[in-house]
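Sequential numbering from 122 applies to the sequence shown in the numbering used here. Beta carbons are placed, not taken as given, at the ideal position from N, Cα and C, and that holds for glycine. Let me begin by presenting the structure, written as structure tokens, before commenting on it.
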Amino acid sequence: MNHKRTAIAVLAVVLLFWGALSAAQDKSVPRPTPTTREMNLLCWQEFGELVPARIETVLVPMGSLEPHGVIPNGTDNLAPEAMARAVAERVNALIAPTLNYGVTAAMKAFPGAVSISEEAYAPFAEEILGNLADNGFRNIIVLTGHGGNTALLNRAATRVANRCRVRVLVVNWWTLADDITKEVFKENGGHAGNNETAYVQAVVPDHIHPERYKREMASPNPPAGAYYAVPVTSTIGLYEKGQGYPTFDPAQAKDYFRKVNDRVAALILDTIKKWDLAGVYR
Ligand SMILES: [Zn+2]
């Protein structure tokens, strides 16, 4: 009987030791990297293994299909999508499929533009964010490509954050990178201006058309409240009169692309760090 008890005790100690050892080994063995960071490409089994155990953050590109001077109509989709790919690993995030349509009523008149009504867009965007929260993401980072969606996205972000107890960040890269624009181009930017043209030139250099460009295609944005024209008179809208004309310089494009992405990655990491520090919606 005593022998039996001793044997059981020894066995228990061995099992405990073995358990502790393998747990320690688990920590030291690097976890395999995801086969992809794109939600479109993950199977549900791998997604389930990754979220939320290993990945708590998702990047959601949201754009618009609208005219942009002599760069692609899909610029507002291509830019945040490329941004998401450039920063996903640095911020340990997955990338949600891009919402390629947005609210762009003042540009609907231009060939190839698609404008969704605010009434349809706002709840749809909110449901996307809510579903990402339901899937276990703790940090939802909306990378917007289009200012016309921003007010609606900010509202959707607020509602989803408080209803689902998650953290949501909406990033307007062209405003966040305001000082980088002035550093790289030595002047202010514009819609489809130097900044946006350069960023997209770094992504799809074969789809930029300087041969179609004329300087008079650009107009300064109206000073606040001065006037409002629908359709807009120019798809290149300069933030400041006399500044922001596209440069089409490939070296500047690469430099700008890298600096903007570094800024966006830093903002995401800093925001998550501060949310964690505050312990909100953990
Ligand atoms: Zn744009």
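Here Glu361 is actually not in contact with Asn293; their C-beta atoms are around 18 Å apart, not less than 8 Å. Residue side-chain check: Asp299 keeps its Cβ at 7 Å or more from all non-hydrogen atoms of ligand 1. In this structure, the CA atom of Ala272 is about 11 Å from the CA atom of Thr265.
Relative to ligand 1, Ala319 has its C-beta separated by 7 Å or more from all heavy atoms.
Burial of Asn260 is indicated by the presence of at least 16 other C-beta atoms within 10 angstroms of its C-beta. Counting along the chain, Met183 sits inside the beta strand (DSSP E) bounded by residues 178-183.
Scanning Pro218, Asn213, Asn198 for the CA closest to the CA of Leu162 turns up Pro218. The three-state reading of DSSP puts Leu215 in strand, counting E and B together.
With a contact defined as Cβ atoms closer than 8 Å, Ala227 and Pro344 miss out at about 17 Å.
Beta bridge pairing from DSSP links Ser236 with Gly223.
No heavy atom of ligand 1 is found nearer than 7 Å to the CB of Gly310. One Cα belongs to Phe168, the other to Gln373, and the distance between them is close to 38 Å.
Val263 is not a Cβ neighbour of Met204, given a cutoff of 8 Å. Apart from the 5 residues on each side of it in sequence, Pro331 sits with its Cβ closer than 7 Å to the Cβ of Val191, Phe369 in its chain, given in chain order. Inter-residue distance for Glu247 and Tyr366 is about 35 Å (C-alpha atoms, whole angstroms). Taking each of Glu210, Lys303, His267, His312 in turn and checking the Cα distance to Tyr222, the smallest one comes out for His267. At the C-beta level, Ile329 and Val381 stay beyond 8 Å of one another. Per DSSP, the unbroken beta strand (DSSP E) holding Ala339 starts and ends at 339-341. Ranking Gly311, Arg288, Val321, Glu304 by CA distance to the CA of Thr392 puts Arg288 first. Short note on His330: C-beta not closer than 7 Å to any heavy atom of ligand 1. Look at the beta carbons and you see the region 305-321 touching the region 198-213: at least three pairs across the two are nearer than 8 Å.
No Cβ-Cβ contact shorter than 8 Å links Tyr377 with Asn283. If you look at Ile192, you'll find it isn't in any alpha helix (DSSP H); DSSP assigns it neither H nor E.
Less than 8 Å divides the Cβ of Val172 from the Cβ of Gly257. Judged by DSSP secondary structure, Arg284 falls within the alpha helix (DSSP H) whose first and last residues are 271-285. The residue among Trp165, Leu199, Trp295, Ile216 with its C-alpha nearest the C-alpha of Ile249 is Ile216. Around the Cβ of Gly269, a 10 Å sphere holds 16 or more other Cβ atoms; the residue is buried. An exposed status is given to Asp327, since fewer than 16 other beta-carbon atoms sit within 10 Å of its beta-carbon.
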